[in-house]
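Enquirer: Heads up, the sequence shown is in our numbering, so the first residue is 299 and it goes up one at a time.
Every residue gets a Cβ at the ideal spot worked out from N, C-alpha and C, and that includes glycine.
Just so you know, these numbers come straight off a predicted model, no measurement behind them.
The structure under discussion is supplied below as structure tokens; questions concerning it will follow.
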Amino acid sequence: MSHDLQVPHLTPSTTVSNQPASAPAKRLRGDVQGLRAVAILTVLAAHAGVSWFAGGFVGVDVFFVISGFLITQQLVGELGRTGRISLRRFYARRARRILPAATLTLAATVVAAVVLLGPAQVAPLAIDAVWASAFAANIRMAIAGTDYFQAELPPSPVQHFWSLAVEEQFYLVWPLVALICIVLASRIGASRGGGERDVQQGSARARRFLLAAIALITLASFVWSLVHTPGEATAAYFSSLTRAWELGIGAALAILVTSGRVMQRLGGALLVREVLVLGGLVAIVWACLAYDESTPFPGYHAALPVLGSAAIILAGALPSGETTIGARLLSVAPMRAIGDWSFSLYLWHWPLLVLPEIILQRDLTWPERGLAVAGAFVLAYVSFRLVEAPFREGALWRPTRRALTFYPVSIALVAAIAFGGTAYADYEATRGDFQPAITLADAPAADPSLDEQEALVRASVLAARKDTPVPTELRPALTELDSLKPSRTRCDYTDDSERDLCVDGDPDGEKTMVVFGNSHALHWVPTLNDIAKKHGFRTYFLVKNRCVSASITTDRGGEKDPYTECDDFNRWAFKQYRRLDPDLTVVSTAPPIQGVFDEDGDWVGESRKIDELMHPAYTDFLRRVDKHTKRTVLIRDIQGFDANAGTCLSRPGATLGDCLMGAVESRERSIDVQVRAAEEVGVDVADMSSYFCWDGSCPAVVGDTITHYDGTHMSRQYAPQLTEPLARELGIRGRG
299 MSHDLQVPHL TPSTTVSNQP ASAPAKRLRG DVQGLRAVAI LTVLAAHAGV
349 SWFAGGFVGV DVFFVISGFL ITQQLVGELG RTGRISLRRF YARRARRILP
399 AATLTLAATV VAAVVLLGPA QVAPLAIDAV WASAFAANIR MAIAGTDYFQ
449 AELPPSPVQH FWSLAVEEQF YLVWPLVALI CIVLASRIGA SRGGGERDVQ
499 QGSARARRFL LAAIALITLA SFVWSLVHTP GEATAAYFSS LTRAWELGIG
549 AALAILVTSG RVMQRLGGAL LVREVLVLGG LVAIVWACLA YDESTPFPGY
599 HAALPVLGSA AIILAGALPS GETTIGARLL SVAPMRAIGD WSFSLYLWHW
649 PLLVLPEIIL QRDLTWPERG LAVAGAFVLA YVSFRLVEAP FREGALWRPT
699 RRALTFYPVS IALVAAIAFG GTAYADYEAT RGDFQPAITL ADAPAADPSL
749 DEQEALVRAS VLAARKDTPV PTELRPALTE LDSLKPSRTR CDYTDDSERD
799 LCVDGDPDGE KTMVVFGNSH ALHWVPTLND IAKKHGFRTY FLVKNRCVSA
849 SITTDRGGEK DPYTECDDFN RWAFKQYRRL DPDLTVVSTA PPIQGVFDED
899 GDWVGESRKI DELMHPAYTD FLRRVDKHTK RTVLIRDIQG FDANAGTCLS
949 RPGATLGDCL MGAVESRERS IDVQVRAAEE VGVDVADMSS YFCWDGSCPA
999 VVGDTITHYD GTHMSRQYAP QLTEPLAREL GIRGRG
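Written out as structure tokens, the structure is:
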């Protein structure tokens, strides 16, 4: 079946382009290439950590507008020259343009990870790379970003492929929509005859259909973005539905530009064009300076860089014999060169910035960031000269069918390298001499006040101080790091639309236990459920991620907006709680992630001021809880670390000594605020610190078990080992 659509009444002599059918394709505009350079330079500045240019991520939005404009101009130009649009040729052009360089970057990143990182990083990266090769990285990153536990891990070295996925998802739909519009226009024209006047009307009709279709897509996407960005920031950021309008603006502009009559009406006064270019550049730069990570995006904020980009492109298309100052600035040779390399530069810069941070487990210094950016420029130049240009322009890959094979070949190649790399990393992690787990035999002289688990913690600290090798058989294996994630309860309150009351523990138990808290109550789920089953407690986990158990409004953890959903959940939870008449109430909560709001509704982000506000907030919460239960116990929050235990252990050549950590002082100070509040109310405190640290040192591995999933959450494998110690701390002995 042919994918070339012949349109009877849109022949080459009646084009929808303002160029003659015989005219060769226009050379790429210098100002547009310069605009590409602006886009990539702003992205580089933001990702390299230039604080005053934190909004440089809007460069991606500039790319979207440029892409929508150029690709649609190609489609409409082809229709004007040949009277048809070929989907095969369209997707072959896309394959030649993006797949060789993208495939090379993905493959090289995975190989670098296999060589430089350990299995804990290679395994998730392999999955990310396969998603990216299938143009679904944005879906993968949205899932990871909305998963609270996944979001605390280091960013993926291929995370930046999300924007490429958005573009390709748009281009999966837009050419099909264009074909439908052309078919409708041609059939309406055919029903009215075939005179010269009807042919001209058919051409105009096709443009109107295309413009109406893209206007509808753009409007729907923009409204979707406005609605979903405030409450679903991470998912909205990566969504093709919230971004399609940005490509749509460029596409609509391309349709208008190809209409000579429309462009003549708009006019081309030099002053107007100067204002458009300079105003567009100011809009983009202003967004870079005014926006930061806390800006809800895309939403209406994206309109500033999007419309600014559209203004620059429009100014260069208006009929005039003179060139604007802005266009001349954008068209200088260095800007055009960077514009040429922009795609490869975008592909290479992110892994060069992220991989070293994962390896070093710290932020890069300014000289290190500068070196990474310089390396990206070198690789971009080489990639452009040896990969991008030859594949895009070379005669060898010109045949359509040959170019289309890039799609399956690219996915297969990346998948083979990704999963082969994972297997190799796993093999490297387990080969060599067998290293046993730490045992009580490694402990100092027995202390009668310690139980076996506390003694094992001391033994593990001493082994780490001797730089003992990491045990060969860890629980779980480093390639299964994701299984360390804290357990879910039977009722998962992540979704605010449904709230049920679910019984965990022993459903037939004669006593009732209620647990309040956030994710730091979730990581106690295996322990508390074991206790409940052994001692006859019906258990209700009234816990929600990021919801601090305190009478105060917090922010969302990454945005300075009130987390009102948490306030709503706490009100609902208390309403249920009063009816349960619990025998035991357990509170386990992490301090606020970023900031809180004071009585005047002002956001407070300084740690010591937060602690001052949290003391009365904890006190009030615990008093309210204690009124409706026979006994209340606060589990002192466990120690948290700056480093990630799994990442450290996975590093090639790492010993237990390399992964011996100390508790973060500021976090310990915030945790002590909880304890003082409990003591003031008269609530008991269960302090489990001795099961994680000893003598100021906290081992990543106790015995053969990794204690933490990330920097602050206990692993699912370690939690059950604390069942008996926590039961004693809770004062639970016997059943019935």
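#1: By the 10 Å Cβ neighbour count, where 16 or more other Cβ atoms means buried, how is residue 804 classified, buried or exposed?
#2: Hey, quick one: how far does the alpha helix (DSSP H) through residue 658 stretch, first residue to last?
#3: Apply the 10 Å Cβ neighbour rule to residue 511 and answer buried if 16 or more other Cβ atoms are within range, or exposed otherwise.
#4: Are residue 917 and residue 766 closer than 8 Å when you measure CB to CB?
#5: May I have a chain-ordered list of the alpha helix (DSSP H) segments no shorter than 4 residues that lie completely inside the region 500–582?
#6: Quick check: what's the CA-CA separation for residue 886 versus residue 763?
#7: For residue 580, which residues in the same chain have their Cβ closer than 8 Å to its Cβ, ignoring the five residues on either side in sequence?
#8: Can a CB atom of chain D be found closer than 8 Å to the CB of residue 470?
#9: What span of residues does the alpha helix (DSSP H) with residue 403 cover, start to end?
#10: How long is the line joining the alpha carbons of residue 324 and residue 854, rounded to whole angstroms?
#11: Go ahead and label residue 747 buried or exposed: buried means 16 or more other beta carbons lie within 10 angstroms of its beta carbon, across all protein chains shown.
#12: Going by alpha carbons, who is nearest to residue 662 out of 838, 582, 347 and 523?
#13: Quick check: what's the CA-CA separation for residue 827 versus residue 680?
#14: Just to confirm the assignment: which complete beta strand (DSSP E) runs, minimum length 3, are found wholly within the region 837–918?
#15: With C-beta atoms as the reference, is residue 548 less than 8 Å away from residue 515?
#16: Return yes when the C-beta of residue 752 is under 7 Å from any heavy atom of the ligand COA, and no when it is not.
#17: Are the beta-carbon atoms belonging to residue 456 and residue 430 less than 8 Å from one another?
#18: Along the chain, which unbroken stretches of the beta strand (DSSP E) at least 3 residues long are found entirely within the region 762–834?
#19: Using a Cβ-Cβ cut-off of 8 Å (strictly less than) and excluding sequence neighbours within five positions of residue 702, which residues of its own chain qualify?
#20: Using alpha carbons as the reference points, say which of 554, 541, 530 and 521 lies closest to residue 506.
#21: What is the rounded straight-line gap between the Cα of residue 379 and the Cα of residue 371?
#22: Excluding the 5 residues flanking residue 318 on each side, which residues of the same chain have their C-beta closer than 8 Å to its C-beta?
#23: Quick check on DSSP: helix, strand or coil for residue 991?
#24: Just to confirm, are residue 968 and residue 909 a CB contact at a threshold of 8 Å?
#25: Mapping DSSP to helix, strand and coil, what is residue 329?
#26: Pick helix, strand or coil for residue 958, following the three-state DSSP scheme.
#27: Quick check: residue 668 and residue 650, are their CB atoms within less than 8 Å of each other?
#28: Measure the beta-carbon distance from residue 330 to residue 614 and round it to whole angstroms, keeping in mind my assumption that it falls under 8 Å.
#29: How long is the line joining the alpha carbons of residue 890 and residue 849, rounded to whole angstroms?
#30: If you drop the 5 nearest sequence neighbours on each side, which residues of the same chain put their C-beta closer than 6 Å to that of residue 552?
#31: Indicate whether residue 586 and residue 732 have their beta-carbon atoms separated by less than 8 Å.
#32: Buried or exposed for residue 1028, please, with buried defined as at least 16 other CB atoms from any protein chain shown within 10 angstroms of its CB.
#33: Could you tell me the alpha carbon to alpha carbon distance between residue 811 and residue 835, rounded to whole angstroms?
#34: In terms of alpha-carbon separation, which member of 839, 1004 and 894 lies closest to residue 867?
#35: Would residue 608 pass as a contact of residue 363 if the rule is Cβ separation under 8 Å?
#36: Express the C-alpha separation of residue 670 and residue 320 in angstroms, rounding to a whole number.
Expert: Let's see:
#1: On the sequence shown, position 506 is the one that residue 804 refers to. It is buried - the Cβ of residue 804 has at least 16 other Cβ atoms within 10 Å.
#2: By one-based count along the sequence shown, residue 658 stands at place 360. 631–658 is the span of the alpha helix (DSSP H), which, as asked, contains residue 658.
#3: On the sequence shown, position 213 is the one that residue 511 refers to. The residue in question, residue 511, is buried, as its Cβ has 16 or more Cβ neighbours within 10 Å.
#4: The residue you call residue 917 lines up with position 619 of the sequence shown. The residue you call residue 766 lines up with position 468 of the sequence shown. No, Cβ-Cβ distance for residue 917 and residue 766 is not below 8 Å.
#5: 531–536, 538–555 and 558–564
#6: Position 588 of the sequence shown, counted from the start, is the residue given in the question as residue 886. Position 465 of the sequence shown, counted from the start, is the residue given in the question as residue 763. Computed Cα separation, rounded: 31 Å.
#7: Locating residue 580 in the sequence shown gives position 282, where the first residue counts as 1. Closer than 8 Å at Cβ, skipping near neighbours: 606.
#8: Chain labels in this structure do not include chain D; a single protein chain is all it has.
#9: On the sequence shown, position 105 is the one that residue 403 refers to. First-last of the alpha helix (DSSP H) with residue 403: 385–414.
#10: Taking the first residue of the sequence shown as 1, we reach residue 324 at position 26. Taking the first residue of the sequence shown as 1, we reach residue 854 at position 556. Annotation note: pLDDT 48 at residue 324 (below 50); position unreliable, coordinate value reported separately. Residue 324 and residue 854: Cα-Cα distance of roughly 49 Å.
#11: On the sequence shown, residue 747 is found 449 positions in, with the first residue counted as 1. When all chains shown are included, residue 747 counts as exposed.
#12: Taking the first residue of the sequence shown as position 1, residue 662 is located at position 364. Nearest of 838, 582, 347 and 523 to residue 662, Cα basis: 347.
#13: The sequence position of residue 827 within the sequence shown is 529, counting from 1. The sequence position of residue 680 within the sequence shown is 382, counting from 1. Whole-angstrom Cα-Cα distance: 57 Å.
#14: 882–886
#15: Translated into positions along the sequence shown, residue 548 becomes position 250. Translated into positions along the sequence shown, residue 515 becomes position 217. Cβ distance not < 8 Å, so residue 548 and residue 515 don't count as in contact.
#16: Annotation note on the ligand COA: not contained in the displayed structure, which lists no ligands.
#17: Start at 1 with the first residue of the sequence shown, and residue 456 comes out as number 158. Start at 1 with the first residue of the sequence shown, and residue 430 comes out as number 132. Closer than 8 Å, so yes.
#18: 809–815
#19: As a working mapping, residue 702 is identified with position 404 in the sequence shown. Taken in chain order, the residues that qualify are 386, 389, 390 and 393.
#20: For the purposes of this step, residue 506 is identified with residue 208 of the sequence shown, where counting begins at 1. The shortest Cα separation from residue 506 among 554, 541, 530 and 521 belongs to 554.
#21: Along the sequence shown, one-based indexing puts residue 379 at 81. Along the sequence shown, one-based indexing puts residue 371 at 73. Each residue's alpha carbon lies about 12 Å from the other.
#22: Locating residue 318 in the sequence shown gives position 20, where the first residue counts as 1. The predicted model places residue 318 with a pLDDT of 33, which falls under 50 and marks its position as unreliable, so this point remains unresolved.
#23: The sequence position of residue 991 within the sequence shown is 693, counting from 1. Coil, per DSSP.
#24: By one-based count along the sequence shown, residue 968 stands at place 670. By one-based count along the sequence shown, residue 909 stands at place 611. Yes, Cβ-Cβ distance for residue 968 and residue 909 is below 8 Å.
#25: As a working note, residue 329 is residue 31 in the sequence shown. Residue state, collapsed to three classes: helix.
#26: By one-based count along the sequence shown, residue 958 stands at place 660. DSSP places residue 958 in strand when its eight states are reduced to three.
#27: Here residue 668 is taken as the residue at index 370 of the sequence shown, counted from 1. Here residue 650 is taken as the residue at index 352 of the sequence shown, counted from 1. Taking 8 Å as the Cβ cut-off, residue 668 and residue 650 do not qualify as a contacting pair.
#28: Numbered from 1 along the sequence shown, position 32 holds the residue referred to as residue 330. Numbered from 1 along the sequence shown, position 316 holds the residue referred to as residue 614. Right, the Cβ-Cβ distance comes to about 7 Å (below 8 Å), so this counts as a contact.
#29: On the sequence shown, position 592 is the one that residue 890 refers to. On the sequence shown, position 551 is the one that residue 849 refers to. Distance between the alpha carbons of residue 890 and residue 849: 12 Å.
#30: Within the sequence shown, the letter at position 254 stands for residue 552. So the list reads 367, 370 and 371, once near-sequence residues are dropped.
#31: Here residue 586 refers to the residue found at position 288 when the sequence shown is read from its first residue. Here residue 732 refers to the residue found at position 434 when the sequence shown is read from its first residue. No. Outside cutoff.
#32: Taking the first residue of the sequence shown as 1, we reach residue 1028 at position 730. Residue 1028 is buried by the Cβ-count criterion.
#33: Position 513 of the sequence shown, counted from the first residue, corresponds to residue 811. Position 537 of the sequence shown, counted from the first residue, corresponds to residue 835. So the alpha carbons of these two residues sit roughly 6 Å apart.
#34: Here residue 867 refers to the residue found at position 569 of the sequence shown. The shortest C-alpha separation from residue 867 is found at 839.
#35: Taking the sequence shown and counting its residues from 1, one reaches residue 608 at position 310. Taking the sequence shown and counting its residues from 1, one reaches residue 363 at position 65. Contact: yes.
#36: Along the sequence shown, one-based indexing puts residue 320 at 22. Along the sequence shown, one-based indexing puts residue 670 at 372. Interpretation of residue 320 is limited by its pLDDT of 31, a score under 50 that renders its predicted location unreliable; no figure is taken from the coordinates.
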